[in-house]
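Asks: Got a structure here, written out as structure tokens. Questions coming.
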Amino acid sequence: MKKKFLSLLMTIIMVLSVSLSVYADETSPPATRGEIVKALLMAADAYQQGINKEAVMQGSKNGDLRENEPAKKVEALVMLSRAFGELPEPVGNDLRSGTFGVEFTDVPGWAKKDIDKLAKAGVLTAKPDGTLGVNDNITIDEFQNIIDRMWTLAGSHLNDDFYEAINKEWLNKSTIPAGEIMGGGFPELQKQNNDKIEKIIEELAGKQFAEGTKEQKIADFYSTALDTKNRNKQGIEPIQKYVKAIDGAKTVDELIQADLTLEKELGISSLFSFAIMNDAKNSSENTLYYTGLATGLDKNSFVTEDSKAKKAYIQYMTRLLVVSGEEKSAAKTLAEKVYEMEKSLASVSLEPHEQGDVNKYYNPYTIEQFDNMFKTVDMKQVLKSMKVDSADKVIVFDVKLTQKGTELLTEANINVLKAYSKVKLLMATGGLLLDEFGDAANEFAATLYGVAGEKTDQEIAVAMTTGTMGGYLEQMFAEKHFSPKAKKDVEQMVEKLIVTYEERIKSLDWMSEATKAKAIKKLDTMIVKIGYPDKWDTTLDKVAIKTYDEGGSLFTNTFTVTKAYIDNTKAKLGKPVDRTEWITSVYTVNAFYNPLNNEITFPAGILQAPFYDIDAKPEENYGAIGMIIGHEISHAFDNNGSAYDENGNANNWWTESDFKKFKEKNQELIEFYNEIEIIPGVSNDGQLTLSENVADLGGMAASLQVISKMSNPDYKAYFESNAEMWKSTTTKEFAANLSKNDVHSANKIRVNRTIVNFQQFYDTYGIKLGDGMYVAPEDRVSIW
90 MKKKFLSLLM
100 TIIMVLSVSL
110 SVYADETSPP
120 ATRGEIVKAL
130 LMAADAYQQG
140 INKEAVMQGS
150 KNGDLRENEP
160 AKKVEALVML
170 SRAFGELPEP
180 VGNDLRSGTF
190 GVEFTDVPGW
200 AKKDIDKLAK
210 AGVLTAKPDG
220 TLGVNDNITI
230 DEFQNIIDRM
240 WTLAGSHLND
250 DFYEAINKEW
260 LNKSTIPAGE
270 IMGGGFPELQ
280 KQNNDKIEKI
290 IEELAGKQFA
300 EGTKEQKIAD
310 FYSTALDTKN
320 RNKQGIEPIQ
330 KYVKAIDGAK
340 TVDELIQADL
350 TLEKELGISS
360 LFSFAIMNDA
370 KNSSENTLYY
380 TGLATGLDKN
390 SFVTEDSKAK
400 KAYIQYMTRL
410 LVVSGEEKSA
420 AKTLAEKVYE
430 MEKSLASVSL
440 EPHEQGDVNK
450 YYNPYTIEQF
460 DNMFKTVDMK
470 QVLKSMKVDS
480 ADKVIVFDVK
490 LTQKGTELLT
500 EANINVLKAY
510 SKVKLLMATG
520 GLLLDEFGDA
530 ANEFAATLYG
540 VAGEKTDQEI
550 AVAMTTGTMG
560 GYLEQMFAEK
570 HFSPKAKKDV
580 EQMVEKLIVT
590 YEERIKSLDW
600 MSEATKAKAI
610 KKLDTMIVKI
620 GYPDKWDTTL
630 DKVAIKTYDE
640 GGSLFTNTFT
650 VTKAYIDNTK
660 AKLGKPVDRT
670 EWITSVYTVN
680 AFYNPLNNEI
690 TFPAGILQAP
700 FYDIDAKPEE
710 NYGAIGMIIG
720 HEISHAFDNN
730 GSAYDENGNA
740 NNWWTESDFK
750 KFKEKNQELI
760 EFYNEIEIIP
770 GVSNDGQLTL
780 SENVADLGGM
790 AASLQVISKM
800 SNPDYKAYFE
810 SNAEMWKSTT
820 TKEFAANLSK
830 NDVHSANKIR
840 VNRTIVNFQQ
850 FYDTYGIKLG
860 DGMYVAPEDR
870 VSIW
């Protein structure tokens, strides 16, 4: 329940995780040859000096340039090739994200050399039939998109692509560590923190400590995490009785009883997923939420029936079932049925951008009403067995998903339900058992997301220890790596940003005084958490950790801890919310706004160099951590956070006319960040990323205003620190997946599409009309 609780909460609290192009418009007319040349002479002048019309455009043999004729795609691309001249060889991130190995079947001989050059550079994409579409017309918007790719590849002119120019050296040398899915500013800082934690663990490893001490528990847990020999020797024995109970179930009721036994002993339930957290309409009290049946792929992959994702997921489930004892052909059949079941669930579930909307997820049911939703299940008995029957209501997070789930809980579906339950059990426990389960997970990640290589046994053991024994390790991390001086300095930064935010609200020209007063009240009552909690969680004090020699195991140690946290969470049901508690570990490289508490949290893990350095220039700190602080404050006033009042209750504090203006401004942001290409063929979704874009824009506005009050502020240090913080590289597959599921815009867009709204950027770098980074003043966006 703890993992589900945190997962749900993360979606609600909007956690912190471009080439600039004109928006694609289906009604745009075809570009003429003359318009193509005009665009190129402006776009390529910084990359091939002295380029002129005669060098780019060649007409008929009689010298007719046909400037007023619509340009064919092949003509435009050949002119593009001529205008930019020699191109750099793609390396690093460009090699990772470009489109390569495409052999177009429709390129005429006269254009082949130029098209081959562009294809080798990775800037061209094929149509579904494998052709380039050489005779298609091309709009100026479509052509601008390809120009953007050229700017990205060159990365030498910050006036056209600021993010690439600032980070080009790093991007060209960038790698993704083995077994990881991305590299960049955030992963690199997390790696630094992990190394510090590993050092703490290694200093304890192999030593003897008094039983029950923090040191003993950390050392012995790490010992079991490293002991792959004993783990593989045990095989699936630790879960054998649960597997047997699932396999032996003849009815839905018997399967439910097997599931409830599993939940009682380990805290795992595949059929009933609950969370306990603030009641969104009465945030001072903890209440019960029901989140519905989980799916192993994202909604988009199911709805579009992505063939690659489908094949990878079925193969993954098949391998898990085979390792657990199923015959291969039977396992595959079961996996295919589970896929279809999950597809039916995904098809009715909330869209990713809806999950943080309190009007979508807050659906309170009385216990009687909740029980009546389940025609074949006694939910009162389920609640009692799970020891959450003291609840007086259940808030159903996704009504349609829940309804579909209840429809599936029938005797006719018993076999697929059993397979589903077993797959979820194996996914939850496999990493603590046989290496074969880990191999299956690695294969799935490699196939679906392009993850290359694997982590070492030691890296895995450190990660497991860090995750499970965090209650102790984060105390040690904070003591060693976050000084009281740094804590005080960050607190002062937060105070300045809140004061600045208040000034900005007071000066808004679109909001009435009545609504401003409510917004300022919310700002003034915001809870601020910096570095580490005032009191440490004591859950780990209650558990015993044993080595294999003492009869323990990685499996038993992990679930002993997990169960203790789950029991703690259940004990909070119906009780007052403790707003001093932290929802994240101290060494997390992230920051959070929780609307249910109206609080912002900045763990010590993100308050490290280069994001925050007490010895750095103030402008550098404000460009990095300062912008993030402003970002989290802004979440209180984004499209989701704005639904909650100063006490964390979902409560409309807006006047009708102000809220209408607010929605209009949100729509402007949706359009401003929409359809910006991330990598060739993959674009940003302005609706999905709205809340984070509001926060990015507000965070930059506030932090820029703070440094504007300094004597002779160094805006260059500010903007470049910000761009460097967001440097990132990932696989093409994962970038495409994020574009459909992540509420954050791609990091490049978070830089390029945000800074263009601030005049200080134009003044600092001399950005002018015709530059790729230029946006006309009347087209810039602003909310807070």
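Numbering of the sequence shown is given in the working numbering, commencing with residue 90 and proceeding in unit increments. Beta carbons are placed, not taken as given, at the ideal position from N, Cα and C, and that holds for glycine.
When the Cα atoms are used, what is the spatial distance from residue 242 to residue 210?
Replies: So the alpha carbons of these two residues sit roughly 8 Å apart.
Asks: Please classify residue 302 as buried or exposed, where buried requires at least 16 other C-beta atoms within 10 Å of its C-beta.
Replies: It counts as exposed.
Asks: Can you tell which of 628, 577, 784, 667 has its C-alpha closest to the C-alpha of residue 701?
Replies: Here the closest residue by C-alpha is 577.
Asks: Helix, strand or coil for residue 598? Go by DSSP, reduced to three states.
Replies: Correct three-state label for residue 598: coil.
Asks: Kindly confirm or deny that the region 472–487 and the region 391–409 touch, where touching means at least three C-beta pairs closer than 8 Å.
Replies: As far as the Cβ criterion goes, the region 472–487 does not touch the region 391–409, which means the pair count is below three.
Asks: To the nearest angstrom, how far is the alpha carbon of residue 490 from that of residue 439?
Replies: Their Cα atoms are separated by approximately 8 Å.
Asks: Take residue 860 and list the residues in its own chain whose beta-carbon comes closer than 8 Å to its own, dropping the five residues that flank it on each side.
Replies: Answer for residue 860: 248, 249, listed in chain order.
Asks: Would you report the Cα separation of residue 95 and residue 654, rounded to the nearest angstrom?
Replies: For residue 95, the pLDDT reaches just 33, beneath the cut-off of 50, and the residue's location in the model is therefore unreliable, although a value from the coordinates is still provided. If I take the Cα positions, the gap works out to 12 Å.
Asks: Could you give the first and the last residue of the continuous alpha helix (DSSP H) run that contains residue 647?
Replies: It spans 643–660 - the alpha helix (DSSP H) in which residue 647 sits, taken as one unbroken run.
Asks: Please classify residue 110: is it buried, with 16 or more other beta-carbons within 10 angstroms of its beta-carbon, or exposed?
Replies: Low per-residue confidence applies at residue 110: pLDDT is 34, beneath 50, and the placement is therefore not dependable, though the value from the model is reported in the following sentence. Under this definition residue 110 is a buried residue.
Asks: Measuring straight from C-alpha to C-alpha, what distance separates residue 376 and residue 347?
Replies: Taking the straight line from one Cα to the other gives about 26 Å.
Asks: Quick one: grab the DSSP three-state call for residue 377.
Replies: Correct three-state label for residue 377: strand.
Asks: Does DSSP classify residue 618 as helix, strand or coil?
Replies: Residue state, collapsed to three classes: strand.
Asks: Could you name the residues that DSSP lists as bridge partners for residue 683?
Replies: Beta-bridge pairing links residue 683 to 688.
Asks: Roughly how many angstroms lie between the CA atoms of residue 799 and residue 670, to the nearest whole one?
Replies: The alpha-carbon atoms of residue 799 and residue 670 are separated by roughly 36 Å.
Asks: Are three or more beta carbon pairs between the region 460–469 and the region 416–428 nearer than 8 Å?
Replies: They do not touch, by the three-pair rule.
Asks: Taking contact to mean 3 or more Cβ pairs, one atom from each stretch, closer than 8 Å, check whether the region 622–635 and the region 558–573 are in contact.
Replies: With a cut-off of 8 Å, the region 558–573 and the region 622–635 count as touching, because enough Cβ pairs lie within range.
Asks: What's the call for residue 896, buried or exposed, on a 16-neighbour Cβ count within 10 Å?
Replies: Since the first and last residues shown for the chain are 90 and 873, residue 896 lies out of range.
Asks: Is the CB-CB distance between residue 678 and residue 282 below 8 Å?
Replies: A contact, by the Cβ cut-off of 8 Å.
Asks: Would you mind working out which of 120, 121, 173 sits nearest residue 133, comparing C-alpha positions?
Replies: Minimum Cα distance to residue 133 is reached at 173.
Asks: Counting C-beta neighbours from all protein chains within 10 Å, is the total for residue 846 16 or more, i.e. buried, or is it exposed?
Replies: Per the 10 Å Cβ criterion, buried.
Asks: One question on the structure: do residue 268 and residue 551 come within less than 8 Å of each other, judged by their Cβ atoms?
Replies: Result no, Cβ atoms of residue 268 and residue 551 do not sit closer than 8 Å.
Asks: Can you find the residues in the same chain that come closer than 7 Å, C-beta to C-beta, to residue 317, ignoring five residues on each side of it along the sequence?
Replies: Counting only Cβ-Cβ distances below 7 Å, and skipping sequence neighbours, we find 524, 546.
Asks: Should residue 760 be labelled buried (16 or more other beta-carbon atoms within 10 Å of its own) or exposed?
Replies: It counts as exposed.
Asks: What does the alpha-carbon distance come out to for the pair residue 413 and residue 648?
Replies: One C-alpha to the other measures close to 20 Å.
Asks: Look at the alpha carbon of residue 656 and the alpha carbon of residue 352, and state the distance between them as a whole number of angstroms.
Replies: Going by the C-alpha atoms only, they are around 11 Å apart.
Asks: For residue 460, which residues from the same chain have a beta carbon less than 7 Å from its beta carbon, with the 5 sequence-adjacent residues on both sides left out?
Replies: Here the set comprises 468, 469.
Asks: Can you give me the Cβ contacts of residue 585 inside the same chain, cut-off strictly under 7 Å, excluding the 5 residues immediately before and after it?
Replies: If we look at residue 585 and ignore the five residues flanking it on each side, its Cβ neighbours are 795.
Asks: With distance defined between alpha-carbon atoms, name the residue in 152, 156, 137 nearest to residue 127.
Replies: When each option's Cα is compared against that of residue 127, the closest is 156.
Asks: By how many angstroms is the C-alpha of residue 727 removed from the C-alpha of residue 742?
Replies: Going by the C-alpha atoms only, they are around 14 Å apart.
Asks: Please list, in chain order, all residues of the same chain as residue 256 whose beta carbon is under 7 Å from its beta carbon, the five residues on each side excluded.
Replies: Closer than 7 Å at the Cβ level, and outside the excluded window around residue 256, lie 812, 813, 816.
Asks: Following the continuous beta strand (DSSP E) through residue 767, name the residue where it begins and the one where it ends.
Replies: Start and end: 766–768.
Asks: According to DSSP, which residues form a beta bridge with residue 456?
Replies: According to DSSP, residue 456 bridges with nothing at all.
Asks: State the DSSP-derived secondary structure class of residue 117, mapped to helix, strand or coil.
Replies: Of the three classes helix, strand and coil, the one that applies to residue 117 here is coil, per DSSP.
Asks: Let me confirm a value: residue 340 is counted as buried when at least 16 other C-beta atoms fall within 10 Å, else exposed. Which label applies?
Replies: Label assigned to residue 340: exposed.
Asks: Using 10 angstroms around the beta-carbon of residue 862, count the other beta-carbons present and answer buried if the total reaches 16, otherwise exposed.
Replies: Buried.
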